[in-house]
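*Asks:* Below is one structure. I have some questions about it.
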Amino acid sequence: MRLLIIEDDRESADYLAKAFREVGYVADLAGDGEEGLALAETGDYDVLVVDRMLPKRDGLSLIGALREKGNRTPVLILSALGQVDDRIKGLRAGGDDYLPKPYSFAELLARVEVLSRRRGGPAEETTYRVGDLELDRLSHRVVRGKEELTLQPREFRLLEYLMKHAGQVVTRTMLLENVWDYHFDPQTNVIDVHISRLRSKIDKGFERPLLHTIRGAGYMIRDGIR
Amino acid sequence: MTAFGKLIRTTAFRLTLAYLFLFGLFAASLLGYFAWNTRRLITEQITSTVNAETAEVGDIFGRRGLRGLVLTVENRALRPGANLYLVTTPNGQAIAGNVGSLAAGVMAQTGWSETAYRRLDEQDKADHRALVRVSELSGGFRLLIGRDLEERKRLFGIVLQAAQWSLLVVVVLGLGGGIFVARRVLRRIDAITGTTQRIMAGDLTGRLPVGRSGDELDRLAENLNAMLERIEALMMGLKEVSDNIAHDLKTPLTRLRNRAEEALATSGNEAEYRHALERTIEESDGLIRTFNALLMIARAESGQARGNMDDFDAAEVASGIQELYEPLAEEDGMTLRVETAPTVLRGNRELITQALANLVENAIKYGRPAALAQPLSAGAAVAPESREILIEARREGDQVLLSVTDHGPGIPEADREHAVERFVRLEASRTLPGSGLGLSLASAVATLHGGELRLGDAHPGLAATLVIPASSGDTLAAQTSDVPQKKA
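Chains A and X are the protein sequences, given in the same order.
Residues in the first sequence are numbered from 1 upward in steps of one, following the working numbering.
Residues in the second sequence are numbered from 1001 upward in steps of one, following the working numbering.
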């Protein structure tokens, strides 16, 4: 997996590169907008991580220039401007995801993985399978083993999102954004409660748990140990 | 700059100078016209008198001959204030009249001329000027009749003097008035400048002096004062925020630091280090959340979010929030009920959603009936309706009300205003987790939309209501649409 980090703050760029390399990514660095654009155009990257405020050429204009040339590499925008309007502006400019600073590396990693999978992975499937759990997106049926499970609509969407990203860490913020379409920080553990409800429906009474809590990061649905 | 230099540079003084010049020009041309016309009138009068007399005397000569002529002329010449008369023989000898001497050649040609002359009986040697008509009588005799021009000259002199005086008066009054007005204006401007300088130096409480006349300067001063009021309020808000940030971020930061230090000093094995680091991350996440909430409040309060106004149904927002928080409420032994009618609203959907979410989170955290706070077995005795948190969206007149009602302890009336302030955590809630920003944000969002956050009594419990004018988004968006959005 090749990653380009365009960030002018040397220290955070080095930290990110090191952290990504530790989990097995190839991470290149660019210190300003022009260098970043040149590298992004020539190198074959799976995901670009772009800081919004960059010297020489700002992040949004860089993304615009890339998209204009037909480059569809997924872009994650990092920005100190975390407000609703800024996020919308970033996504409109051609970004695929937006993460306000400060962020945890776990959150960034989870989002980068989802973005890279989006590019390489197969088109939207109609049935997701994890172990003996099966979710049919058309008939809205969920079956574990031989037992059919009854889920509320929101529980279904939650499970759908988790299974779509099976084997990947999904953070609480990602769930709130993608399942509920809310973009704020709840001051309570509201997502955890939804997850525990879902867990009681899909894992309770079965020998192998599928829905796992990843400490300090979020949740992951997977069959056994990867 | 000297005081005088300042004075003559004022707009009022410059205008005065311009008007002075115009008025002077006007007065001069008026007097000039008057003088010229008077002169013409006098000349005309002289001409007609002389013409009439010439005809009369010529007639006498015709009827009574030279003797009659001489008698008549001598007679007339002796009258006080008489005209000028001279009769000469064909060879140029004077035979009658009151003219002593004339400029050379005047008698040689007939018709009108202006000449210097001296009267016969006059003692002084000075020449006077006169307008005369010479006519030829039969037999080569010549008759001169004329009139002194002294009168005309004197009148001209009077007009000239009047012109000088009036110009002087215009200049003196004009300059005086100009200086008076300019000094008055200057004094007020100096007062305003003084105040603004004090304000620039940091004293934001200064206000411009406002007179009673309600003139343009007063109106300007009033508007500037209103502006200063707003700036001061914003600055106070900013100061309050920074003070609060200093306090409420420093405390957890210190805790964070202490914990890290302690871990460094006492931890003996990896598990302990790990535990300490995990606590550190948790703590910093809390800090980030607080920080985000603060930024959001600041943004809502400064009106920056006004650009993002949409039409949406408040009922949908209420149902969405109910659905999100229902499991959480249930876990705490409460229920979330939603009661809505379709209520279309124009505003910032995300901010209103978050404000409502904050109210619901508050209700779940702090709105537990007292009996429920006891161990679970006792909680079972609580009546189902007092376990209920009600979310309502409805329209009342041209206002949209989004309310969250719980049946917990509520907030005493005296504390309600205080409760909305940033970082305020009432005694009762201090032991529970929370940043103390939830109500502040809800209030800031309501204010952004031109509404307010009302805290009421639900007997028992708290009824928190976001009151938002239904059309607020239109007017607010219109107010800000022509303001260029700040570039990222």
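Every residue, glycine too, gets a C-beta built ideally from N, C-alpha and C.
Comparing the C-beta of residue 212 (chain A) with each C-beta of chain X, is any distance below 8 Å?
*Replies:* Translated into positions along the first sequence, residue 212 (chain A) becomes position 212. With 8 Å as the cut-off, residue 212 (chain A) does not count as an interface residue toward chain X.
*Asks:* Any beta carbon from chain A within less than 8 Å of residue 1289 (chain X)'s own beta carbon?
*Replies:* Counted from its first residue, the second sequence places residue 1289 (chain X) at position 289. Interface residue, yes.
*Asks:* Tell me whether residue 1388 (chain X) counts as near the ligand FAD, meaning its Cβ is closer than 7 Å to at least one heavy atom of that ligand.
*Replies:* The ligand FAD is not part of this structure, which contains no ligands at all.
*Asks:* What is the C-beta distance between residue 218 (chain A) and residue 169 (chain A), in whole angstroms, given that I count them as a contact (C-beta under 8 Å)?
*Replies:* Here residue 218 (chain A) corresponds to residue number 218 of the first sequence, with the count starting at 1. Here residue 169 (chain A) corresponds to residue number 169 of the first sequence, with the count starting at 1. With a Cβ gap of about 5 Å, residue 218 (chain A) and residue 169 (chain A) count as contacting.
*Asks:* Starting from residue 1165 (chain X), trace the alpha helix (DSSP H) in both directions and tell me its first and last residue.
*Replies:* Position 165 of the second sequence, counted from the first residue, corresponds to residue 1165 (chain X). Taken as a continuous stretch (DSSP letters only), the alpha helix (DSSP H) holding residue 1165 (chain X) covers 1150-1200.
*Asks:* Below 8 Å on the Cβ atoms is my guess for residue 1149 (chain X) versus residue 1130 (chain X); work out the distance and round it to an integer in Å.
*Replies:* Indexing the second sequence from 1 puts residue 1149 (chain X) at position 149. Indexing the second sequence from 1 puts residue 1130 (chain X) at position 130. Yes, residue 1149 (chain X) and residue 1130 (chain X) are in contact; Cβ-Cβ is about 6 Å, under 8 Å.
*Asks:* Under 8 Å, with one C-beta from each stretch per pair, do the stretch 186-206 of chain A and the stretch 159-173 of chain A reach the 3-pair mark?
*Replies:* Result yes; three or more Cβ-Cβ pairs closer than 8 Å.
*Asks:* Looking at chain A, which residues of the stretch 1340-1355 of chain X have a Cβ within less than 8 Å of any of its Cβ atoms?
*Replies:* Within the stretch 1340-1355 of chain X, the residues whose Cβ lies closer than 8 Å to some Cβ of chain A are 1348, 1350, 1351, 1353 and 1354, listed in chain order.
*Asks:* In the structure shown, what three-state DSSP assignment does residue 1089 (chain X) receive?
*Replies:* Your numbering for residue 1089 (chain X) matches position 89 in the second sequence. Reduced to three states, the DSSP call for residue 1089 (chain X) is coil.
*Asks:* Does chain X have any CB closer than 8 Å to the CB of residue 55 (chain A)?
*Replies:* Start at 1 with the first residue of the first sequence, and residue 55 (chain A) comes out as number 55. No, its Cβ sits nowhere closer than 8 Å to a Cβ of chain X.
*Asks:* Which of the three DSSP states, helix, strand or coil, is assigned to residue 1386 (chain X)?
*Replies:* By one-based count along the second sequence, residue 1386 (chain X) stands at place 386. If DSSP states are grouped into helix, strand and coil, residue 1386 (chain X) belongs with the helices.
*Asks:* Using three-state DSSP, classify residue 149 (chain A) as helix, strand or coil.
*Replies:* Working through the first sequence from its first residue, we reach residue 149 (chain A) at position 149. If DSSP states are grouped into helix, strand and coil, residue 149 (chain A) belongs with the strands.
*Asks:* Check each residue of the stretch 178-204 of chain A: if its Cβ is closer than 7 Å to any Cβ of chain X, include it; give the result in chain order.
*Replies:* The residues in question are 180, 182, 183, 184, 185, 186, 187, 188, 190, 193, 194 and 197.
*Asks:* For residue 7 (chain A), count the other beta carbons within 10 Å of its own beta carbon; 16 or more makes it buried, fewer makes it exposed. Which is it?
*Replies:* The residue you call residue 7 (chain A) lines up with position 7 of the first sequence. Burial call: buried.
*Asks:* Between the beta-carbon of residue 1144 (chain X) and the beta-carbon of residue 1099 (chain X), is there less than 8 Å?
*Replies:* On the second sequence, residue 1144 (chain X) is found 144 positions in, with the first residue counted as 1. On the second sequence, residue 1099 (chain X) is found 99 positions in, with the first residue counted as 1. Yes, the pair counts as a contact, with Cβ atoms nearer than the cut-off.
*Asks:* Considering Cα atoms alone, identify which of X:1312, X:1460, X:1281 and X:1356 is closest to residue 1368 (chain X).
*Replies:* One-based indexing of the second sequence puts residue 1368 (chain X) at position 368. The shortest Cα separation from residue 1368 (chain X) among X:1312, X:1460, X:1281 and X:1356 belongs to X:1460.
*Asks:* Let me see if you follow: with CB-CB separation under 8 Å, is residue 1357 (chain X) close to chain A or not?
*Replies:* Against the second sequence, residue 1357 (chain X) aligns to sequence position 357. By this cut-off, residue 1357 (chain X) is an interface position.
*Asks:* Give me the residue from A:216, A:116 and A:66 with the minimum Cα distance to residue 33 (chain A).
*Replies:* On the first sequence, residue 33 (chain A) is found 33 positions in, with the first residue counted as 1. If we check each option's Cα against that of residue 33 (chain A), A:66 comes out closest.
*Asks:* What three-state label does DSSP hand residue 1247 (chain X) in the structure shown?
*Replies:* Position 247 of the second sequence, counting from 1, holds the residue named residue 1247 (chain X). In the structure shown, residue 1247 (chain X) sits in a helix (DSSP, three-state: H, G or I).
*Asks:* Return the residue from the list X:1260, X:1068, X:1337 and X:1322 that minimises the CA-CA distance to residue 1274 (chain X).
*Replies:* Looking up residue 1274 (chain X) in the second sequence gives position 274. Comparing Cα-Cα distances from residue 1274 (chain X) to each of X:1260, X:1068, X:1337 and X:1322, the minimum goes to X:1260.
*Asks:* Determine the contact status of residue 1179 (chain X) and residue 1204 (chain X), defining contact as a CB-CB distance below 8 Å.
*Replies:* In the second sequence, residue 1179 (chain X) corresponds to position 179, counting from 1. In the second sequence, residue 1204 (chain X) corresponds to position 204, counting from 1. Not in contact: residue 1179 (chain X) and residue 1204 (chain X) (Cβ atoms no closer than 8 Å).
*Asks:* Counting contacts by CB-CB distance shorter than 8 Å, is residue 1325 (chain X) in contact with chain A?
*Replies:* Numbered from its first residue, the second sequence carries residue 1325 (chain X) at position 325. Chain A, which has a Cβ nearer than 8 Å to the Cβ of residue 1325 (chain X), makes this yes.
*Asks:* Comparing alpha-carbon positions, which option in X:1291, X:1319, X:1215 and X:1220 lies nearest residue 1246 (chain X)?
*Replies:* Your numbering for residue 1246 (chain X) matches position 246 in the second sequence. It is X:1291 whose Cα lies nearest to the Cα of residue 1246 (chain X).
*Asks:* Is residue 1096 (chain X) helix, strand or coil when you go by DSSP?
*Replies:* For this step, residue 1096 (chain X) is matched to residue 96 along the second sequence. Of the three classes helix, strand and coil, the one that applies to residue 1096 (chain X) here is strand, per DSSP.
*Asks:* Within the same chain, show all residues whose beta-carbon is closer than 7 Å to that of residue 21 (chain A), passing over the 5 residues directly before and after it, in chain order.
*Replies:* As a working mapping, residue 21 (chain A) is identified with position 21 in the first sequence. Cβ within range, chain order: 27.
*Asks:* Taking the beta strand (DSSP E) that residue 49 (chain A) falls in, what are its first and last residues?
*Replies:* Position 49 of the first sequence holds residue 49 (chain A). Note, residue 49 (chain A): beta strand (DSSP E), 47-51.
*Asks:* So with CB distances below 7 Å, who are the chain X contacts of residue 154 (chain A)?
*Replies:* In the first sequence, residue 154 (chain A) corresponds to position 154, counting from 1. Simply 1323.
*Asks:* Taking the C-alpha atoms as reference points, what is the distance between residue 1055 (chain X) and residue 1175 (chain X)?
*Replies:* What you label residue 1055 (chain X) is simply residue 55 of the second sequence in a count that begins at 1. What you label residue 1175 (chain X) is simply residue 175 of the second sequence in a count that begins at 1. Near 57 Å, if we compare the C-alpha coordinates of residue 1175 (chain X) and residue 1055 (chain X).
*Asks:* I need the DSSP call for residue 1047 (chain X), collapsed to helix, strand or coil.
*Replies:* Translated into positions along the second sequence, residue 1047 (chain X) becomes position 47. It is helical.
*Asks:* Please report the straight-line C-alpha distance between residue 1119 (chain X) and residue 1075 (chain X), rounded to a whole angstrom.
*Replies:* Here the question's residue 1119 (chain X) lines up with position 119 in the second sequence. Here the question's residue 1075 (chain X) lines up with position 75 in the second sequence. The straight-line gap from Cα to Cα measures roughly 15 Å.
*Asks:* On the three-state DSSP scale, how would you describe residue 94 (chain A)?
*Replies:* On the first sequence, residue 94 (chain A) is found 94 positions in, with the first residue counted as 1. DSSP places residue 94 (chain A) in coil when its eight states are reduced to three.
*Asks:* Does any C-beta atom of chain A lie closer than 8 Å to the C-beta of residue 1007 (chain X)?
*Replies:* Here the question's residue 1007 (chain X) lines up with position 7 in the second sequence. False, the Cβ-Cβ gap to chain A never drops below 8 Å.
*Asks:* By Cβ distance below 6 Å, which residues in the same chain neighbour residue 1464 (chain X) in space, the five residues on each side in sequence not counted?
*Replies:* Within the second sequence, the letter at position 464 stands for residue 1464 (chain X). For residue 1464 (chain X), where only same-chain residues beyond five positions count, the Cβ hits under 6 Å are 1359, 1404 and 1455.
*Asks:* Pull up the distance between the alpha-carbon of residue 1395 (chain X) and that of residue 1442 (chain X), whole angstroms please.
*Replies:* Here residue 1395 (chain X) refers to the residue found at position 395 when the second sequence is read from its first residue. Here residue 1442 (chain X) refers to the residue found at position 442 when the second sequence is read from its first residue. Residue 1395 (chain X) and residue 1442 (chain X): Cα-Cα distance of roughly 19 Å.
*Asks:* Closer than 6 Å by C-beta to residue 138 (chain A): which residues in its own chain qualify, once you throw out the five before and the five after it? Chain order, please.
*Replies:* As a working mapping, residue 138 (chain A) is identified with position 138 in the first sequence. Excluding residues within five positions, the ones whose Cβ falls inside 6 Å are 126.
*Asks:* At the level of alpha carbons, what is the spacing between residue 1473 (chain X) and residue 144 (chain A)?
*Replies:* Here residue 1473 (chain X) corresponds to residue number 473 of the second sequence, with the count starting at 1. Here residue 144 (chain A) corresponds to residue number 144 of the first sequence, with the count starting at 1. Note that residue 1473 (chain X) scores 48 on pLDDT, short of 50, meaning its location in the model is unreliable; the coordinates nonetheless yield the value given after this. If I take the Cα positions, the gap works out to 49 Å.
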